[in-house]
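Single-structure report; data block below.
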Amino acid sequence: MSRSPNLKLWPRSIFGIAIFTSAFLLFQVQLLLGKFLLPWFGGTSAIWATCLLFFQVLLLGGYIYAHQIASAFRPSSQGKAHLAFLGITALWLVVAWHFWSSPVLPGSSWKPAPGAAPILGIVELLFISVGLPFLLLSSTGPLLQSWYAHLDLSKQNKPPYFLYALSNAGSVLGLLSYPFFLEPTFRLKIQSWIWGGGFAVFAVSCAVCAWQVHRSRAEKAHPIEESLSPVDLTSEAPRRRWLWFFLPMSASVVLLATTNLLTQDVAPIPLLWVLPLCVYLLSFVLTFHGPWYTRAIFHPLFAITVALAVISLFRGTEMRITSQVVIYLSVLFAACMVCHGELARIKPPARHLTSFYLLLSAGGAAGGIFVAIIAPTIFPTFWEYQLGLWATAALLVIVLFLDRSSWLHNSKPDLLIPVGFLTLGLMLPKYLAHARLIAIPQNLLLPYNIGLGVMVCVCVWLAFTGGPNWARRRKFHWSEITLGTGFALLTAALCLQPGEQDPHSHRLHRERNFYGAVAVYEVWDEAMLNSFYEFLHGRITHGNQAKKNRKMPTSYYGEGSGARLALLTNPQRNLGPMRVGAIGLGIGTLAAYSRLGDVFRFYEINPAVIRIAKGEGGYFTYLSDAAARIEVVLGDARLSLEEEAARHDFQNFDVLFVDAFNGDSIPVHLLTREAMSLYLSHLRGPDSVIVVNATNVFVNLAPVIVALAESYGLKATLIRSTVQTGLFQPSVFILLTRGNSLEAPEIRKAGYPMRPDLHQIKGELPLWTDDYSNVASLLVR
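Residues 122 to 902 (this note's numbering) make up the sequence shown, in order.
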């Protein structure tokens with residue numbers, strides 16, 4: 122006599138709890154470890170890409186494990202094997218907790234040496250700290266779904282794919298709860314303890330599931346029903362199986378490339394990791410659980426959002442960060458809905474469950490490998506975003522051609538031609554204005570742009586809903602022509618590089634490595650009737666040098682800047698040689714202020730920056746022209762200074778500059794309480810000055826620096842320079858000292874003392890530590 126549905130509710134609930142908690146913990150630990158490792162490897166956006174690559178590969182390993190034991194053993198033996206794996210992992214976490222005082226965060230003895238290979242170091246630390254637990258958690262989803270399908274639980278009209286949606290819901294909750302609750306509330310070590318408690322809950326529920334399937338008998342196990350899949354695979358299925366790999370790979374490339382775009386100009390923080398991941402996982406939930414994916418909606422939406430992405434790429438940092446986030450996340454959502462929606466349409470019956478997840482995971486891992494390892498090696502700049510969108514569009518074209526029931530093979534309306542010609546006519550003034558042949562009146566610009574945008578959207582919609590009837594009578598479809606033309610235009614648009622069309626700018630050099638993309642341009646300055654070299658890190662200018670008068674300080678360090686005043690008014694300048702330290706080299710502009718006998722010591726993590734600043738290519742000569750002795754230390758500045766302090770090699774700086782931005786991205790670990798203590802230990806005396814470059818398009822750093830000053834009893838003065846020409850950029854510098862260096866008349870005239878009330882800070886100041894930081898609360902636009 123079979124059990125009633127009510128008696129089966131409890132085991133079904135246990136399966137749901139185990140899968141939900143495994144997914145929740147899986148993504149929580151990614152964010153926890155990612156943030157923990159940031160200060161150990163320079164705080165760049167590539168750290169998260171490497172972490173995500175590692176987790177995707179380990180996720181693939183978990184799916185391989187699940188597929189192998191599901192294929193090779195009976196369900197009862199699978200339960201026994203998984204119980205053993207669970208026990209070994211729990212023992213590993215207990216041992217780690219004993220030695221590290223944390224289940225997953227390595228001790229300080231595991232810190233890398235300055236200049237160590239970053240990718241290998243990150244992978245090694247992740248493997249040691251969380252390799253086994255992550256492998257176990259990643260295998261739980263597909264394995265428990267397979268068990269669920271074999272047991273009689275699936276007889277209650279609950280196919281195992283609903284558990285996949287539940288798993289993704291747990292992932293989304295795990296992601297969102299971190300930046301909005303755990304990160305701002307608890308320190309890293311406490312977060313790891315909370316994660317350890319969550320793992321205990323998972324272990325108990327997973328053990329119950331494994332024990333239940335272990336007690337089952339093969340002869341009592343129910344066969345997996347073909348009806349569990351809404352799509353019946355035909356004899357063409359093997360030809361379509363490659364899409365199980367390439368569709369998720371394309372979505373993974375767009376995910377990581379979007380994250381890189383967002384974090385290279387703001388900061389590699391969990392919030393900007395979480396938002397793209399949430400969108401990515403939400404697309405899985407919507408496409409695999411319910412009829413949310415409709416081609417008539419998401420194909421035009423993808424085309425429209427890609428057009429917005431092209432515009433955003435060209436406008437760059439001129440756009441508000443909120444606008445960029447909305448646009449890039451919209452593109453990511455549309456691309457992932459297309460990839461995962463088409464994937465859901467061809468998902469297999471439940472008997473192919475583990476192989477389906479295996480190929481899906483392999484595709485995701487391949488996308489991670491491409492963005493984190495291959496792209497920085499073969500591309501001189503960030504091209505993987507454009508390539509990811511192009512690949513998504515190409516796969517969509519292929520899928521539509523293969524599917525005889527798609528709109529591509531069913532064209533009807535003939536309204537597209539007149540609307541298309543009208544839109545092309547409206548585009549003509551835009552191109553003429555871009556070529557500076559005409560000027561669109563300012564009062565007409567807004568309605569013109571809105572009207573053009575509406576017409577483009579209408580064209581895209583009509584193109585995706587059909588073409589003219591006469592085309593079908595001529596044995597070809599207008600939609601095929603439209604699709605081909607649209608794909609060609611997309612290819613051309615994505616191949617164009619922002620800034621390459623500026624007639625006053627000529628690119629001379631560009632390259633890319635783990636720490637970012639750098640480029641050198643020759644720019645003609647009409648105001649000065651002279652050309653100069655411009656150095657870009659990401660999309661942000663990090664230095665200029667005139668071709669004539671090459672010793673003139675420029676960029677953020679010119680006339681009236683806080684950097685200039687801090688050097689020229691320092692008391693040591695009148696007493697003898699100075700020792701100046703700089704965290705971040707740029708092109709070495711600070712060396713223009715050096716004198717004979719001075720020592721200027723630069724700390725730089727990016728070897729490409731060092732080579733260019735030292736004169737490779739003959740563009741920049743600040744270092745070679747300097748009168749002082751120049752010292753350049755390769756490696757993360759924080760780790761290098763810590764190593765010097767450990768061997769009592771204190772540098773006795775008179776002025777120490779903190780200016781190590783990657784693009785406009787903030788290396789948070791250089792602005793913590795522990796970092797400030799380290800800087801103070803390397804100063805000569807009370808009149809020595811710490812100078813922080815607080816110039817940033819997106820983040821207001823002043824409250825953080827005020828908090829650091831308050832914490833150490835430092836005097837702080839903000840100096841803002843508004844000069845902006847070709848060679849000079851507006852700057853904001855904050856000067857910190859214990860003595861009276863900031864009482865110089867020049868500084869008192871140019872700056873103003875900083876106090877918490879001047880920044881309208883309510884409540885406690887945002888004091889950052891190595892265990893706590895919150896960049897999201899400081900976003901300004």
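By construction, the Cβ of each residue, glycine as well, lies at the ideal position given by its N, Cα and C atoms.
task: Please list, in chain order, all residues of the same chain as I243 whose beta carbon is under 8 Å from its beta carbon, the five residues on each side excluded.
output: Along the sequence shown, one-based indexing puts residue 243 at 122. These residues qualify, in order along the chain: L158, F162, I168, T171, C172 and F175.
query: Can you tell me the Cα-Cα spacing of G860 and D719, whole angstroms?
result: As a first step, residue 860 is located in the sequence shown; it is residue number 739 there, counting from the start. As a first step, residue 719 is located in the sequence shown; it is residue number 598 there, counting from the start. Cα-Cα distance, rounded: 22 Å.
- prompt: If we count Cβ pairs, one from each stretch, closer than 8 Å, do we get three or more for the segment 142–160 versus the segment 293–302?
  reply: A contact exists between the segment 142–160 and the segment 293–302.
message: Tell me whether the segment 683–703 and the segment 847–855 touch, counting them as touching only if at least three CB pairs, one residue from each stretch, are closer than 8 Å.
response: As far as the Cβ criterion goes, the segment 683–703 touches the segment 847–855, which means the pair count is three or higher.
- request: Select from D891, F635, A729 and L888 the residue whose C-alpha is nearest the C-alpha of L241.
  value: Here the question's residue 241 lines up with position 120 in the sequence shown. Of D891, F635, A729 and L888, the residue nearest in Cα terms is F635.
query: Which residue spans inside the segment 654–711 form an unbroken alpha helix (DSSP H) run of at least 4?
result: Whole alpha helix (DSSP H) segments, 4+ residues: 683–689.
field: Identity of the residue in L179, P421 and L799 nearest A766 by Cα
entry: Here residue 766 refers to the residue found at position 645 when the sequence shown is read from its first residue. Just measuring C-alpha positions, the residue of L179, P421 and L799 sitting nearest A766 is L799.
query: Can you list, in chain order, the residues of its chain whose CB lies under 8 Å from that of A202, leaving out five sequence neighbours each side?
result: Counted from its first residue, the sequence shown places residue 202 at position 81. Hits under 8 Å: I190 and F194.
- prompt: According to the Cβ coordinates, are K640 and F656 closer than 9 Å?
  reply: One-based indexing of the sequence shown puts residue 640 at position 519. One-based indexing of the sequence shown puts residue 656 at position 535. Reading off the sequence, residue 640 comes out as Ala, not Lys. Yes, Cβ-Cβ distance for A640 and F656 is below 9 Å.
task: Could you please give the first and the last residue of the uninterrupted alpha helix (DSSP H) stretch that includes T443?
output: Translated into positions along the sequence shown, residue 443 becomes position 322. For T443, the enclosing alpha helix (DSSP H) stretches over residues I442 to R466.
message: Within a Cβ cutoff of 7 Å, which residues of the same chain sit near Q850, ignoring the five residues on either side of it in sequence?
response: Residue 850 sits at position 729 when you count from the first residue of the sequence shown. Shown here for Q850: same chain residues with a beta carbon closer than 7 Å to its own, the five before and five after excluded, namely T662, S676 and Y677 in chain order.
- prompt: Does the distance from the CB of P305 to the CB of S898 come in under 9 Å?
  reply: For this step, residue 305 is matched to residue 184 along the sequence shown. For this step, residue 898 is matched to residue 777 along the sequence shown. For P305 and S898, yes; Cβs fall inside 9 Å.
task: Would you kindly work out how many angstroms separate the C-alpha atoms of S192 and C327, rounded to a whole number?
output: Position 71 of the sequence shown, counted from the first residue, corresponds to residue 192. Position 206 of the sequence shown, counted from the first residue, corresponds to residue 327. Cα to Cα, S192 sits roughly 20 Å from C327.
message: Looking at the secondary structure, which residues open and close the alpha helix (DSSP H) in which I755 lies?
response: As a position in the sequence shown, residue 755 is number 634, starting the count at 1. The amino acid at residue 755 is misidentified as Ile; the sequence shows Leu. Bounds of any alpha helix (DSSP H) do not take in L755; it lies within the beta strand (DSSP E) bounded by R750 to L755.
query: In terms of residues, what are the limits of the alpha helix (DSSP H) holding F176?
result: In the sequence shown, the residue the question calls residue 176 occupies position 55. S166 to A193 is the span of the alpha helix (DSSP H), which, as asked, contains F176.
Cβ pair count under 8 Å reaching 3, the segment 819–832 against the segment 691–704: Segments in contact, no.
DSSP three-state assignment for D646, whether helix, strand or coil: Numbered from 1 along the sequence shown, position 525 holds the residue referred to as residue 646. Residue state, collapsed to three classes: strand.
- request: Determine, using beta carbons only, whether R671 and Q772 come nearer to each other than 9 Å.
  value: Within the sequence shown, the letter at position 550 stands for residue 671. Within the sequence shown, the letter at position 651 stands for residue 772. Q772 is positioned such that its CB atom lies no closer than 9 Å to that of R671.
task: Mind reading off the beta-carbon distance from L744 to G709? Whole number of angstroms is fine, and I expect it under 8 Å.
output: For this step, residue 744 is matched to residue 623 along the sequence shown. For this step, residue 709 is matched to residue 588 along the sequence shown. The C-beta distance from L744 to G709 rounds to 4 Å, short enough to meet the 8 Å contact threshold.
- prompt: Just to confirm, are P263 and A187 a CB contact at a threshold of 9 Å?
  reply: To locate residue 263, count along the sequence shown from 1; it is residue 142. To locate residue 187, count along the sequence shown from 1; it is residue 66. Less than 9 Å divides the Cβ of P263 from the Cβ of A187.
- request: Note down, in chain order, each residue of its chain lying with its Cβ closer than 7 Å to the Cβ of L246, except the 5 sequence neighbours on either side.
  value: To locate residue 246, count along the sequence shown from 1; it is residue 125. Setting aside the 5 residues that flank it on each side, L246 is surrounded in the same chain by L158, P227 and W231, each with a C-beta closer than 7 Å to its C-beta; the list follows chain order.
- prompt: Sorted by chain position, which residues of the same chain lie with C-beta nearer than 7 Å to F323's C-beta, five sequence neighbours on each side aside?
  reply: Along the sequence shown, one-based indexing puts residue 323 at 202. Excluding residues within five positions, the ones whose Cβ falls inside 7 Å are A139, T142, S143 and L146.
Contacts around F503, its chain only, beta-carbon distance under 6 Å, and the 5 residues preceding and following it disregarded: As a position in the sequence shown, residue 503 is number 382, starting the count at 1. Excluding positions up to five away in sequence, the list reads A638.
message: Which residue marks the beginning of the alpha helix (DSSP H) containing L829, and which one marks its end?
response: Position 708 of the sequence shown, counted from the first residue, corresponds to residue 829. That run of the alpha helix (DSSP H) goes A823 to Y833.
- prompt: Should the segment 482–494 be regarded as contacting the segment 402–419, the criterion being three or more beta carbon pairs within less than 8 Å?
  reply: Output reads no: the segment 402–419 does not touch the segment 482–494.
task: Express the C-alpha separation of G509 and K883 in angstroms, rounding to a whole number.
output: Taking the sequence shown and counting its residues from 1, one reaches residue 883 at position 762. Taking the sequence shown and counting its residues from 1, one reaches residue 509 at position 388. Here K883 scores only 45 on pLDDT, less than 50, and its place in the model should not be relied on; the value that follows carries that caveat. When only Cα atoms are considered, K883 and G509 end up about 43 Å apart.
message: Going by beta-carbon coordinates alone, are L777 and L804 separated by less than 9 Å?
response: In the sequence shown, counting from the first residue as 1, residue 777 sits at position 656. In the sequence shown, counting from the first residue as 1, residue 804 sits at position 683. Yes; because the gap between Cβ atoms is below 9 Å, this pair is in contact.
query: Is the beta carbon of L377 sitting closer than 9 Å to the one on E463?
result: The residue labelled residue 377 in the question sits at position 256 within the sequence shown. The residue labelled residue 463 in the question sits at position 342 within the sequence shown. No, they are not a contact pair.
query: Is L848 helix, strand or coil when you go by DSSP?
result: In the sequence shown, the residue the question calls residue 848 occupies position 727. The answer is coil: DSSP assigns L848 none of H, G, I, E or B.
field: Selection from D775, W268, C457 and H769 that minimises the alpha carbon distance to S806
entry: The residue labelled residue 806 in the question sits at position 685 within the sequence shown. The amino acid occupying residue 806 in the given sequence is Gly; Ser does not appear at that position. Residue nearest to G806 within the set D775, W268, C457 and H769 is D775 (criterion: CA-CA distance).
- prompt: Going along the chain, which residues of its own chain have a beta-carbon closer than 6 Å to the beta-carbon of E725, five neighbours each way excluded?
  reply: Along the sequence shown, one-based indexing puts residue 725 at 604. L706 and I731.
- prompt: Exposed or buried, D770, counting other C-beta atoms within 10 Å across all chains shown (16 or more means buried)?
  reply: Within the sequence shown, the letter at position 649 stands for residue 770. By the 10 Å Cβ count, D770 comes out exposed.
message: Check for me: the alpha helix (DSSP H) holding V375 runs from which residue to which?
response: Residue mapping note: residue 375 aligns to position 254 of the sequence shown, counting from 1. Its alpha helix (DSSP H) spans residues L364 to T384.
query: Whose C-beta lies closer than 7 Å to the C-beta of W363 among residues of the same chain, with five residues either side of it excluded?
result: Here residue 363 is taken as the residue at index 242 of the sequence shown, counted from 1. Excluding residues within five positions, none has a Cβ falling inside 7 Å.
- request: Count the other C-beta atoms from every protein chain shown that fall within 10 angstroms of the C-beta of S222, then say buried if there are 16 or more, exposed otherwise.
  value: Within the sequence shown, the letter at position 101 stands for residue 222. Per the 10 Å Cβ criterion, exposed.
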